[in-house]
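Note that full-length UniProt numbering has the sequence shown beginning at 1, numbered continuously upward.
Don't be surprised by glycine CBs; every beta carbon is placed ideally from N, CA and C.
If you're wondering where the values come from, they're calculated on a predicted model, not measured in any experiment.
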Amino acid sequence: MSTVTTNPVETDRRGTADADSLAVASFLLGLPGLLLFNIVLGPIAITLATLALVRGTSRRGRAFLGLALGIASLAILAVTTATSHGVLIDISS
Numbered sequence: 001m002s003t004v005t006t007n008p009v010e011t012d013r014r015g016t017a018d019a020d021s022l023a024v025a026s027f028l029l030g031l032p033g034l035l036l037f038n039i040v041l042g043p044i045a046i047t048l049a050t051l052a053l054v055r056g057t058s059r060r061g062r063a064f065l066g067l068a069l070g071i072a073s074l075a076i077l078a079v080t081t082a083t084s085h086g087v088l089i090d091i092s093s
């Protein structure tokens, strides 16, 4: 009977790398979310940024920027929808 022990430093480094990847992904999805598919990319950017911050990323600035971009994309969607009276795409014109 053998037991497998894991190195806590390796586990912590892997967790930080995963959180860093989430922070970068939130930024990269939030940026195009300002212009395209903001109803999809905004919430994804917000979720990934929140997960990165909860998991303790070393790229906190990137995670906060992804969070801000996700929120801004949803705000742009709300303003656009309100000013167009609820019509997102007008194909008939």
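Which two residues bound the contiguous alpha helix (DSSP H) that contains residue i?
| i | result |
| --- | --- |
| Leu34 | Unbroken run through Leu34: none, as it is neither H nor E. |
May I ask you to report which of helix, strand or coil DSSP gives residue i?
| i | result |
| --- | --- |
| residue 94 | Lying outside 1 to 93, the shown extent of the chain, residue 94 is not represented and no answer is given. |
| Ser84 | coil |
| Ser26 | helix |
| Ser92 | coil |
Can you tell which of the options has its C-alpha closest to the C-alpha of residue i?
| i | options | result |
| --- | --- | --- |
| Leu65 | Gly30, Ile91, Val79, Val40 | Gly30 |
| Ala25 | Phe37, Ser84, Leu36, Leu41 | Leu41 |
Can you tell me the Cβ-Cβ gap for residue i and residue j, rounded? I've got them flagged as a contact below 8 Å.
| i | j | result |
| --- | --- | --- |
| Leu67 | Ile91 | 34 Å between Cβ atoms; not a contact. |
| Ile71 | Asn38 | That pair is no contact at about 11 Å. |
| Ser84 | Gly33 | 19 Å between Cβ atoms; not a contact. |
Leaving out the 5 sequence neighbours to the left and right, which residues in its chain are closer than 7 Å to residue i when beta-carbon positions are compared?
| i | result |
| --- | --- |
| Ala19 | Ala52, Arg55, Gly56, Thr57 |
Tell me which residues share the same chain as residue i and place their Cβ nearer than 6 Å to its Cβ, disregarding the 5 neighbours each side in the sequence.
| i | result |
| --- | --- |
| Leu22 | Leu48, Leu51, Ala52 |
| Phe27 | Arg62, Leu65, Gly66 |
| Arg59 | Asp20, Ala23 |
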